[in-house]
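Q:
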Amino acid sequence: MDEADDVLDLSEDADFVDVEPPRASDPHAPIKVVVDDLHIIYRVWTAPDAPLDPGAGRWRRLRSRRPVSSKREIHALRGVSFVARQGEAVGVIGKNGAGKSTLMRAIAGLLPPNQGSVYADGQPTMLGVSSALMQALSGLRNVELGLLALGLTPTQVRERIPSVVEFSGIGSAIHMPMNTYSSGMSARLKFAIASAVTHEILLIDEALSTGDGEFVKRSSQRIQQLRDDADTIFLVSHSMGAIRSACNRVIWLDEGRIISDGHPDDIIPEYEARFGLKSKKALRDRRRKRKEANEQALAELAADQDHP
Numbered sequence: 000m001d002e003a004d005d006v007l008d009l010s011e012d013a014d015f016v017d018v019e020p021p022r023a024s025d026p027h028a029p030i031k032v033v034v035d036d037l038h039i040i041y042r043v044w045t046a047p048d049a050p051l052d053p054g055a056g057r058w059r060r061l062r063s064r065r066p067v068s069s070k071r072e073i074h075a076l077r078g079v080s081f082v083a084r085q086g087e088a089v090g091v092i093g094k095n096g097a098g099k100s101t102l103m104r105a106i107a108g109l110l111p112p113n114q115g116s117v118y119a120d121g122q123p124t125m126l127g128v129s130s131a132l133m134q135a136l137s138g139l140r141n142v143e144l145g146l147l148a149l150g151l152t153p154t155q156v157r158e159r160i161p162s163v164v165e166f167s168g169i170g171s172a173i174h175m176p177m178n179t180y181s182s183g184m185s186a187r188l189k190f191a192i193a194s195a196v197t198h199e200i201l202l203i204d205e206a207l208s209t210g211d212g213e214f215v216k217r218s219s220q221r222i223q224q225l226r227d228d229a230d231t232i233f234l235v236s237h238s239m240g241a242i243r244s245a246c247n248r249v250i251w252l253d254e255g256r257i258i259s260d261g262h263p264d265d266i267i268p269e270y271e272a273r274f275g276l277k278s279k280k281a282l283r284d285r286r287r288k289r290k291e292a293n294e295q296a297l298a299e300l301a302a303d304q305d306h307p
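Counting in numbering that gives the first Met the number 0, the sequence shown runs from 0 upward without gaps.
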């Protein structure tokens, strides 16, 4: 498989035309997050090579005395170091398996370092308040519980529920149990809940990869609002359009290491060139233009039939 096949498609740049460009980082702002020589190692059990005849597996293992499984180490992060300041919106990019989600979990305090350290001046919050979301309850009830879990008073919860529901864009499904939601609907509702309050350090993993272009644009605007309120935000996304519109800094991870760290205008073109993403976008553009041309032709044909 080509490396480019391992990267999700980009969102159309047109989705972000109306989004205000992010402000530049302030190099003198207070430091909020320090990641120093961070190493994260997963230890997993792997099965031995399977025999050609599955039915003979038990006896073959007995004869060969081979172990049923073995332990393997996966070095997810390798010596990652950087400093994030107040007011920065840091986009974290890289192909699948690069270590992006592992880095977010380490900053949130959910994964202990095997080596190195993570320091945070404030409470990092992973997008979602997942512990408060219950699949058997309605989306509306989960909004109430989620906002309470984020520290709002019952009065504040009642005041913010309408705006959270409207922002999620899931409509009447808000009254249905969450186990009837698609993964995209769940992610949108989680983002709406988590972004309803101001966070010192907000970690967003793939939130902008769900929903239509309008929701992606509104999400980017919400991230800008949070950043302007002096938050520090980390956004993991395969969408370069989302990264460009929401972030003023990009960290590119590959195989657990930082490849580049800098302004989106400097990092993203290099990233796109390496994985051939520009050619993918050009292909999508051609397909979209063909679709629009077909739709226009059908509309003209229908108009001719209505007015012979």
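Backbone N, C-alpha and C fix where the C-beta goes; we use that ideal spot for every residue, glycine too. Quick caveat: nothing in here was measured; it's all calculated off a predicted structure.
1) For the region 92-149, which segments carrying the alpha helix (DSSP H) assignment without a break, of at least 4 residues, lie completely within its bounds, in sequence order?
2) Out of K94, V82, W44, state which residue places its alpha-carbon closest to the alpha-carbon of K70.
3) For D227 versus L126, is the C-beta distance shorter than 8 Å?
4) Would Q295 be called buried (16 or more neighbouring beta carbons within 10 Å of its own) or exposed?
5) Is there contact between the region 104-123 and the region 185-193, where contact requires at least three CB pairs shorter than 8 Å?
6) In the DSSP assignment, find the beta strand (DSSP E) that holds G261 and state where it starts and stops.
7) Counting only the same chain and skipping the five closest in sequence on each side, list residues whose C-beta sits under 8 Å from that of K99.
8) Pick helix, strand or coil for P153, following the three-state DSSP scheme.
9) Verify whether the separation of the beta carbon atoms of S24 and E87 is less than 8 Å.
10) Quick check on DSSP: helix, strand or coil for G90?
11) Hey, out of R256, E254, G170, G255, whose CA is closest to F214's CA?
12) Am I right that T231 and K31 are in contact with their C-beta atoms under 8 Å? What's the rounded C-beta distance?
13) Rounded to a whole number of angstroms, what is the C-alpha to C-alpha distance between L297 and G275?
14) Flag this pair as yes or no: are the beta carbons of I106 and L202 separated by less than 8 Å?
15) In whole angstroms, what is the alpha-carbon distance linking A79 and I40?
16) Classify S80 as helix, strand or coil using the three-state DSSP reduction.
17) Which residue marks the beginning of the alpha helix (DSSP H) containing I250, and which one marks its end?
18) Does chain B have any CB closer than 8 Å to the CB of R84?
A: Put simply:
1) 99-106, 138-148
2) W44
3) With respect to L126, D227 sits apart: the two C-beta atoms are not nearer than 8 Å.
4) exposed
5) The region 104-123 vs the region 185-193: no contact.
6) Taken as a continuous stretch (DSSP letters only), the beta strand (DSSP E) holding G261 covers 256-261.
7) Excluding positions up to five away in sequence, the list reads V91, I92, G93, D204, V235, L252.
8) helix
9) yes
10) strand
11) Answer by Cα proximity: G170.
12) 4 Å
13) Approximately 34 Å, taken between the alpha carbons.
14) yes
15) According to the sequence provided, residue 79 is Val. The question's Ala does not apply to it. Roughly 13 Å between the two C-alpha positions.
16) strand
17) Element bounds for I250: not the alpha helix (DSSP H) but the beta strand (DSSP E), 248-253.
18) Structure shown: chain B not included; a single protein chain is present.
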